[in-house]
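Sequence order for the protein chains is U, A and S.
For the record, in the first sequence the residue sitting at position 388 is 439 according to our numbering, with numbers rising by one throughout.
For the record, in the second sequence the residue sitting at position 14 is 310 according to our numbering, with numbers rising by one throughout.
For the record, in the third sequence the residue sitting at position 207 is 365 according to our numbering, with numbers rising by one throughout.
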Amino acid sequence: MGDVLVNDKYETFVGLEIHIHLLTESKMFCGCKANYGDEPNTNVCPVCLGYPGVLPTVNERAMEMGYVVARALNCRLSRKTYFERKNYFYPDMPKNYQISQFQEPVGVEGYMDFEFGDEIKRIRIHDVHLEEDAGKMIHAGDMSLQDFNRAGYPLLEIVTEPDLKSGEETEAFLRAFRRTVRYLGVCDGNMDEGSMKCDANISINLPGAGLGTKVELKNMNSPRFVRRGLQYEAQRQASVLDEGGKLIQETRLWNENRDITESMRTKEMANDYRYFPEPDMPPFCPDDAFMAAVEEAQVELPLTRKHKLMRKYSLSSEQAEFIHDEKGNADYFERVLALGAEAQSVYTWLSSDVQKELNLLNMTLTRSPLSAERFAELLRLMEEGQISGKIAKQVLIDVFEENEDPSRIVEKKGLSQISDPAAIARIIDKVLGENEQVVQAVREGEQKQKGFLVGQIMKETGGRAAPALVQKILSEKLS
Amino acid sequence: MKKEELLTTASLALLELEEGEVERLGEEVARMLDYFEMMTKLDVDGLEPTTHAFQKTNRLRADVLNNNNNNNNTNNSFNRPLIMENGNDVEDDFFVIPNVL
Amino acid sequence: MKDLEGWKKVLTDQDRAKKYREYITGWEKKIGSLLEWKLPEPGKYRDDGSPLSAVPFAVKDNIAVEGFKLTCGSKILEYVKAPYTATGVKNLQDSGAWVMGKTNLDEFGMGSSTDNSALQKTNNPYDTSRVAGGSSGGSAAAVAAGIVPFALGTDTGGSVRQPAGFCGIYGLKPTYGVVSRYGLTAYASSLEVCGVCARTVDTTRSVFHAMRGLDEMDQTTIDFETVSSGVKTVGVLKVEDGSLSAEVAASYETSIARLKKLGYEVREISIPAMDYVVPAYYTIATAEASANLARFNGMRYGLSPIFAESPEDLMRYSRNMGFGEEVKTRILLGTFVLRSGFQDQYYVRAQKIRTLIRQELDEIFAECDVIMLPLFPTAPFHHGQSELTSFQQKQADVYTCLANMTGSPGLAVPSSLEKGLPVGVQFMAPPCGEERLFSVAEELEKVFPAPRPAGYSEEWRS
Ligand SMILES: [Mg+2]
Ligand SMILES: [Zn+2]
Numbered sequence: 052m053g054d055v056l057v058n059d060k061y062e063t064f065v066g067l068e069i070h071i072h073l074l075t076e077s078k079m080f081c082g083c084k085a086n087y088g089d090e091p092n093t094n095v096c097p098v099c100l101g102y103p104g105v106l107p108t109v110n111e112r113a114m115e116m117g118y119v120v121a122r123a124l125n126c127r128l129s130r131k132t133y134f135e136r137k138n139y140f141y142p143d144m145p146k147n148y149q150i151s152q153f154q155e156p157v158g159v160e161g162y163m164d165f166e167f168g169d170e171i172k173r174i175r176i177h178d179v180h181l182e183e184d185a186g187k188m189i190h191a192g193d194m195s196l197q198d199f200n201r202a203g204y205p206l207l208e209i210v211t212e213p214d215l216k217s218g219e220e221t222e223a224f225l226r227a228f229r230r231t232v233r234y235l236g237v238c239d240g241n242m243d244e245g246s247m248k249c250d251a252n253i254s255i256n257l258p259g260a261g262l263g264t265k266v267e268l269k270n271m272n273s274p275r276f277v278r279r280g281l282q283y284e285a286q287r288q289a290s291v292l293d294e295g296g297k298l299i300q301e302t303r304l305w306n307e308n309r310d311i312t313e314s315m316r317t318k319e320m321a322n323d324y325r326y327f328p329e330p331d332m333p334p335f336c337p338d339d340a341f342m343a344a345v346e347e348a349q350v351e352l353p354l355t356r357k358h359k360l361m362r363k364y365s366l367s368s369e370q371a372e373f374i375h376d377e378k379g380n381a382d383y384f385e386r387v388l389a390l391g392a393e394a395q396s397v398y399t400w401l402s403s404d405v406q407k408e409l410n411l412l413n414m415t416l417t418r419s420p421l422s423a424e425r426f427a428e429l430l431r432l433m434e435e436g437q438i439s440g441k442i443a444k445q446v447l448i449d450v451f452e453e454n455e456d457p458s459r460i461v462e463k464k465g466l467s468q469i470s471d472p473a474a475i476a477r478i479i480d481k482v483l484g485e486n487e488q489v490v491q492a493v494r495e496g497e498q499k500q501k502g503f504l505v506g507q508i509m510k511e512t513g514g515r516a517a518p519a520l521v522q523k524i525l526s527e528k529l530s
Numbered sequence: 297m298k299k300e301e302l303l304t305t306a307s308l309a310l311l312e313l314e315e316g317e318v319e320r321l322g323e324e325v326a327r328m329l330d331y332f333e334m335m336t337k338l339d340v341d342g343l344e345p346t347t348h349a350f351q352k353t354n355r356l357r358a359d360v361l362n363n364n365n366n367n368n369n370t371n372n373s374f375n376r377p378l379i380m381e382n383g384n385d386v387e388d389d390f391f392v393i394p395n396v397l
Numbered sequence: 159m160k161d162l163e164g165w166k167k168v169l170t171d172q173d174r175a176k177k178y179r180e181y182i183t184g185w186e187k188k189i190g191s192l193l194e195w196k197l198p199e200p201g202k203y204r205d206d207g208s209p210l211s212a213v214p215f216a217v218k219d220n221i222a223v224e225g226f227k228l229t230c231g232s233k234i235l236e237y238v239k240a241p242y243t244a245t246g247v248k249n250l251q252d253s254g255a256w257v258m259g260k261t262n263l264d265e266f267g268m269g270s271s272t273d274n275s276a277l278q279k280t281n282n283p284y285d286t287s288r289v290a291g292g293s294s295g296g297s298a299a300a301v302a303a304g305i306v307p308f309a310l311g312t313d314t315g316g317s318v319r320q321p322a323g324f325c326g327i328y329g330l331k332p333t334y335g336v337v338s339r340y341g342l343t344a345y346a347s348s349l350e351v352c353g354v355c356a357r358t359v360d361t362t363r364s365v366f367h368a369m370r371g372l373d374e375m376d377q378t379t380i381d382f383e384t385v386s387s388g389v390k391t392v393g394v395l396k397v398e399d400g401s402l403s404a405e406v407a408a409s410y411e412t413s414i415a416r417l418k419k420l421g422y423e424v425r426e427i428s429i430p431a432m433d434y435v436v437p438a439y440y441t442i443a444t445a446e447a448s449a450n451l452a453r454f455n456g457m458r459y460g461l462s463p464i465f466a467e468s469p470e471d472l473m474r475y476s477r478n479m480g481f482g483e484e485v486k487t488r489i490l491l492g493t494f495v496l497r498s499g500f501q502d503q504y505y506v507r508a509q510k511i512r513t514l515i516r517q518e519l520d521e522i523f524a525e526c527d528v529i530m531l532p533l534f535p536t537a538p539f540h541h542g543q544s545e546l547t548s549f550q551q552k553q554a555d556v557y558t559c560l561a562n563m564t565g566s567p568g569l570a571v572p573s574s575l576e577k578g579l580p581v582g583v584q585f586m587a588p589p590c591g592e593e594r595l596f597s598v599a600e601e602l603e604k605v606f607p608a609p610r611p612a613g614y615s616e617e618w619r620s
């Protein structure tokens with residue numbers, strides 16, 4: 052099924068609840084390793100297994116990351132934040148309440164700007180709050196296997212207002228959001244691995260009529276699926292209304308195999324989470340030092356970065372889009388420029404030959420052997436005429452393969468350009484001597500054959516002869 | 297308190313009351329709720345709720361791993377074999393529970 | 159420290175150990191204070207000379223001690239072994255003391271008689287037809303019977319002090335947060351604390367100081383910044399509404415007379431919000447309990463019926479079969495007061511009343527160094543609900559749950575024997591004022607030390 056065009060009779064409202072796994076060492080409320088790919092139930096302790104008598108203790112780093120994100124999303128930061136218990140029974144949740152935040156989350160009333168097409172859109176953030184993840188249950192025939200490695204994993208939930216207008220726009224927002232949390236270094240943003248999850252509320256209504264009946268959409272494991280799920284759902288809701296039907300408030304799951312949303316069979320029991328302040332942990336009042344650290348952790352956000360790249364280095368929107376996608380790449384780009392390279396040339400190399408090599412070796416730029424210094428050096432060697440562009444491409448591959456500086460490779464392999472006229476003249480004499488018939492033909496006016504001679508000369512020098520000099524001396528000798 | 301309310305409350309608490317319990321426990325719960333009613337006689341305007349006995353704030357735990365060898369001053373060691381032993385049904389380190397669909 | 163010297167022989171002297179074993183196996187059958195106990199291999203333990211070194215003690219069975227069961231007096235945890243040790247217990251172990259057993263209690267600490275234990279009956283050492291009080295009835299009875307020199311209890315609304323009074327010993331509820339709650343199976347987290355049952359003030363003090371301390375595992379623990387220990391003025395709560403039994407009223411008068419005779423300035427005080435203490439206390443306690451007890455669902459440990467077909471069924475069956483009726487009642491009540499639409503009326507209002515009570519107590523402590531008040535309206539009652547229904551037992555928490563609502567320390571002190579049954583009184587001090595409590599109690603101890611029930615023996619260690 053291709054992209055569905057939503058009936059433009061209706062206005063669509065989408066709000067998101069995004070959960071991100073914070074990149075901490077330990078869990079939210081205990082010292083267990085925050086890593087759930089390990090052998091089952093190895094990263095567990097009495098605390099995260101909900102043993103009688105245990106108490107939660109707040110992870111300092113997670114608290115800091117919560118504030119860092121809330122600050123980056125322009126939220127009003129809480130001067131006194133505290134946790135609450137959200138009460139409901141769930142087989143994977145050891146305490147049968149989730150420690151979360153409700154009345155005083157780390158941040159409220161923020162916003163995030165992102166680019167959608169040519170427009171800058173602003174999405175309001177309702178709140179940013181810290182909480183813990185549940186364990187995992189694997190269904191196996193007539194039993195279920197429980198693994199609590201993930202139980203207690205630090206989560207940050209970001210709740211947006213229903214400001215998004217379509218599946219496409221939501222996808223663009225999510226990609227921008229993902230980029231933002233990666234820039235901040237608080238989450239890797241991998242939706243397919245579950246370190247970032249997104250539930251959506253969607254409703255449609257006639258223009259001007261406000262929000263419609265809300266449907267909660269779950270199980271969309273990539274920005275693309277979020278778009279497709281929302282597109283499908285908007286269309287489905289429009290069909291229901293067009294046929295005179297009534298929408299019901301429900302939770303639906305995106306089925307990525309069938310490309311449709313399906314109603315989740317839930318027992319009809321009203322949720323009443325009975326939130327109340329967590330008595331086991333005191334409130335947290337950030338002091339000046341903490342707030343200073345939160346400021347310190349702020350980075351230039353992707354959208355600003357992109358515009359700066361365009362302005363400062365005269366990159367096109369597409370070029371800047373490519374460079375700014377990963378903070379590390381943008382930093383790298385600017386470092387190479389600071390070392391004297393020229394922007395367009397750096398972009399061209401990064402987007403073609405370097406990218407090709409990275410894809411081939413399945414590496415990221417910042418972790419590859421091609422450091423900014425090596426890259427700048429490579430470009431400089433070329434600029435100074437020490438190597439030709441063709442040789443430079445070979446040297447690039449060698450840098451990746453041998454993890455050596457370009458100058459060292461050039462020296463070791465004797466790749467530097469021959470620019471001594473006498474040396475070139477000697478080689479030309481040799482080639483001319485070996486191709487007397489061709490020389491004769493050129494002298495008789497067959498200029499095309501001259502190219503053959505140049506090729507032979509370059510072959511003789513392993514491509515190292517300075518092309519301009521070759522042309523000049525050859526012309527002299529043939530005239 | 298209506299029986300309906302009692303049963304809703306019981307289901308939120310994941311308790312399933314048998315007939316006799318509905319009577320006995322319902323009666324006791326109702327008696328206590330009646331008793332609680334007297335709190336409405338007191339004027340509590342302007343009082344902040346006390347949620348913690350002593351509000352010492354800002355206790356945070358450093359983000360370091362508990363290596364369970366208790367060579368520090370923190371009482372965070374535990375007996376892992378006992379945790380597995382307490383499991384009613386443990387297979388390959390998974391806790392196994394029934395789920396007949 | 160004389161009190162503890164003889165006890166060390168249980169662990170260090172093979173001959174005494176044997177006599178001790180004989181003594182308690184006989185006596186304990188009548189009392190039923192211990193759910194589980196053991197003695198070390200003879201001669202294996204050494205006394206390094208420090209006060210608590212090689213001293214045996216017992217721990218209420220809702221406090222975790224690695225390797226021991228942690229039943230909480232409940233069917234749902236009957237076979238669960240603690241995989242870790244509570245910080246308070248750990249601190250005592252680090253001082254050289256040795257856990258000999260776990261004591262009986264009202265299921266999850268919910269009760270005033272220990273009759274709510276699903277596992278065992280505990281009797282008052284002074285009259286086995288009567289209760290030892292609760293919920294730390296096993297700890298109080300074990301100490302009163304001379305089975306251990308001290309035992310740990312937990313006090314959510316009076317659960318250390320009331321049974322201590324019923325058994326004629328000292329019972330300390332420390333300032334909230336001064337002793338770690340890590341390892342204390344939570345009933346009402348914002349109210350409770352681990353406490354001490356002991357035969358002498360001196361032992362109570364040593365144990366308190368050994369077990370307390372800021373704990374990284376409990377972020378509600380606070381630094382112990384002791385207030386001046388001198389006591390001149392004692393505020394005495396005026397009780398003239400006829401709520402005290404004749405015996406308790408008489409004993410209360412005895413203690414007032416002693417205070418005067420000892421030269422304290424005795425002032426009558428009243429606490430206007432007293433009428434609201436119990437409803438507010440039970441609102442908060444049950445609300446917190448409803449969440450705290452949600453973790454017991456037969457999944458990772460505990461009673462797990464084999465006939466369940468789904469995780470949901472398993473959780474429901476486990477809870478239905480595992481919890482007793484008092485526990486279920488309190489869970490229901492606590493769930494109800496937190497429900498949306500009811501929360502402001504009950505839970506939030508109760509938390510505000512708590513603020514009011516604290517303000518009233520602050521005013522009193524500005525004038526009085528300590529206050530004295532009754533522990534419980536009656537002397538130890540008979541088993542069952544014939545004398546006091548479960549509702550009346552809750553109302554009777556009025557004098558003790560005050561300290562839990564304010565976080566202040568409270569100490570039960572033996573006052574007299576009335577018709578052969580012990581009656582105690584209670585002292586309260588401002589937060590971190592434990593030394594004031596010990597100071598008054600020591601003066602009173604000289605006049606009336608903890609009594610001994612018939613059947614009590616020290617012969618084996620003398
Ligand atoms: Mg959430
Ligand atoms: Zn853990």
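Every residue, glycine too, gets a C-beta built ideally from N, C-alpha and C.
Residue i versus residue j: straight-line alpha-carbon distance, rounded
{"i": "residue 408 of chain U", "j": "residue 94 of chain U", "result": "38 Å"}
{"i": "residue 279 of chain U", "j": "residue 306 of chain U", "result": "10 Å"}
{"i": "residue 52 of chain U", "j": "residue 310 of chain U", "result": "With a pLDDT of 38 at residue 52 of chain U, under the threshold of 50, the modelled position of this residue cannot be trusted, and the question is left open."}
{"i": "residue 116 of chain U", "j": "residue 152 of chain U", "result": "15 Å"}
{"i": "residue 383 of chain S", "j": "residue 247 of chain S", "result": "22 Å"}
{"i": "residue 358 of chain A", "j": "residue 160 of chain U", "result": "29 Å"}
{"i": "residue 332 of chain U", "j": "residue 411 of chain U", "result": "50 Å"}
{"i": "residue 193 of chain S", "j": "residue 453 of chain S", "result": "23 Å"}
First and last residue of the uninterrupted beta strand (DSSP E) at residue i
{"i": "residue 269 of chain U", "result": "266-269"}
{"i": "residue 256 of chain S", "result": "256-261"}
{"i": "residue 249 of chain U", "result": "247-256"}
Neighbourhood of residue i by C-beta, 6 Å cutoff - its chain only, sequence neighbours within 5 removed
{"i": "residue 211 of chain S", "result": "205 and 254"}
{"i": "residue 229 of chain U", "result": "240"}
{"i": "residue 304 of chain U", "result": "269, 270, 313 and 315"}
Sequence-distant residues of its chain with Cβ nearer than 7 Å to residue i (five each side left out)
{"i": "residue 535 of chain S", "result": "401, 402, 403, 406 and 554"}
{"i": "residue 440 of chain S", "result": "552"}
Residues near residue i by beta carbon distance below 8 Å, same chain, minus five either side
{"i": "residue 196 of chain S", "result": "258 and 259"}
{"i": "residue 425 of chain S", "result": "391, 392, 393, 394, 525 and 526"}
{"i": "residue 534 of chain U", "result": "Here chain U has residues from 52 to 530 only, and residue 534 of chain U is not among them."}
Start-to-end residues for the alpha helix (DSSP H) that takes in residue i
{"i": "residue 324 of chain S", "result": "319-325"}
{"i": "residue 326 of chain U", "result": "Element bounds for residue 326 of chain U: n/a, residue is neither H nor E."}
Whole-angstrom C-beta distance between residue j and residue i, which should lie under 8 Å
{"i": "residue 322 of chain A", "j": "residue 302 of chain A", "result": "5 Å"}
Segment contact flag, the region 286-302 of chain S with the region 495-505 of chain S, C-beta cutoff 8 Å, min 3 pairs = no
Validate contact between the region 185-196 of chain U and the region 127-137 of chain U using beta carbons, cut 8 Å, 3 pairs | no
Taking 8 Å as the threshold, find out whether the region 606-618 of chain S comes into contact with the region 174-194 of chain S through three or more Cβ pairs.
-> yes
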